[in-house]
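Residue numbers (our numbering): 514 to 764.
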């Protein structure tokens, strides 16, 4: 059996209870060494065979899994954040399906949740933004034209950008061309929830300069949107004027 486990966004205690249990039961652990906090390896039991997938290609990963299956051992494939977001898991699922190897998935805390916690921000404040766009800038891996930054920017919703800190000159231009005003708040969160986390606040028109001046190249999220501006709109959810099943009208 292979368990795909989301490691969480950085801090070792942000893994789920289920994820920690599966780690402790694993005979073989394959973890994303360039992105996963090494403190999580302490959850592994003594004698667990540990492989760093940062040094492996897909075929090498599959060789380890097939060997574990032949020996009737349990494997944990530990991905950063939640494996469903830029986790490159679909190709692994397809290979395991073709090999008839059983697997399941344990979700994790994505870095975009960790970044919101560190920024102390709600991505969807009332009357400001009710939509969160998770995307990335086109680089070596292309993005479908219908999902270009310009097209998505037209909504002026909250946007969270993965894998884009090396491309901020292009990103800034496309955000502005797409419709975000230059003074729209932005933030770069480097290694959200890790001990060495750093937060840089700026605007869309100063995004590239901020990234360049602080020499940020990877392991950072970019958040754009008015969710980070000062607003005092109350949610209807807790309005005294709202009557619901658990709260009746005031007498």
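Yeah, the Cβ is synthetic: ideal placement off N, Cα and C, and Gly gets one too.
Residue environment, residue 660, which counts as buried when at least 16 other CB atoms sit within 10 Å: Of the residues assessed, residue 660 falls on the exposed side of the cut-off, its CB having fewer than 16 other CB atoms within 10 angstroms.
Cβ pair residue 629, residue 636 closer than 7 angstroms: Contact flag set, yes.
Selection from 525, 519 and 642 that minimises the alpha carbon distance to residue 551: Ranking the options by Cα distance to residue 551, first place goes to 525.
Touching by the beta-carbon criterion (3+ pairs, under 8 angstroms), the segment 649-659 and the segment 542-556: The segment 542-556 and the segment 649-659 do not touch, with fewer than three beta-carbon pairs separated by less than 8 angstroms.
Residue 629 - containing beta strand (DSSP E), residue span: Element bounds for residue 629: not the beta strand (DSSP E) but the alpha helix (DSSP H), 624-632.
Rounded straight-line distance, which links the Cα of residue 646 to that of residue 533: When rounded, the distance between both Cα atoms is 29 angstroms.
Where residue 563 falls: helix, strand or coil (DSSP): Reduced to three states, the DSSP call for residue 563 is strand.
Local Cβ density within 10 Å of residue 720, reported as buried at 16 or more and exposed below that: With 16 or more Cβ atoms within 10 Å of its Cβ, residue 720 is classed as buried.
Cβ neighbour criterion (16 or more within 10 Å) applied to residue 612: The residue is exposed, with fewer than 16 neighbouring Cβ atoms inside 10 Å.
Three-state secondary structure (DSSP) of residue 705: Here residue 705 sits in coil by DSSP.
contact_flag[the segment 574-588, the segment 689-700] where n(CB pairs < 8 angstroms) is 3 or more: Look at the beta carbons and you see the segment 574-588 not touching the segment 689-700: under three pairs across the two are nearer than 8 angstroms.
Spatial neighbours of residue 766 in its chain, beta-carbon cut-off 8 angstroms, leaving aside the 5 residues before and after: There is no way to answer for residue 766, as the model of the chain reaches only from 514 to 764.
Any alpha helix (DSSP H) of 4 or more consecutive residues that is wholly inside the segment 649-695: Entirely contained in the segment 649-695, the alpha helix (DSSP H) runs reaching 4 residues are, in chain order, 662-666 and 681-691.
Continuous beta strand (DSSP E) stretch holding residue 733: start and end: Start and end: 733-737.
Three-state secondary structure assigned by DSSP to residue 764: Confidence is the limiting factor: at residue 764 the pLDDT is only 46, short of 50, which leaves the residue's position unreliable, though a coordinate-based value still follows. Coil at residue 764, not helix or strand.
Spatial distance of residue 668 from residue 648 (CA atoms): The straight-line gap from Cα to Cα measures roughly 14 angstroms.
Per-residue burial, residue 530 [other beta carbons within 10 Å of its own, 16 or more giving buried]: The residue in question, residue 530, is exposed, as its Cβ has fewer than 16 Cβ neighbours within 10 Å.
Where residue 601 falls, given that 16 or more other Cβ within 10 Å makes a residue buried: The Cβ neighbour count for residue 601, taken over all protein chains shown within 10 Å, is under 16; the residue is labelled exposed.
Among 623, 575, 577 and 579, the one whose alpha carbon lies nearest that of residue 598: Among 623, 575, 577 and 579, the Cα nearest to that of residue 598 belongs to 623.
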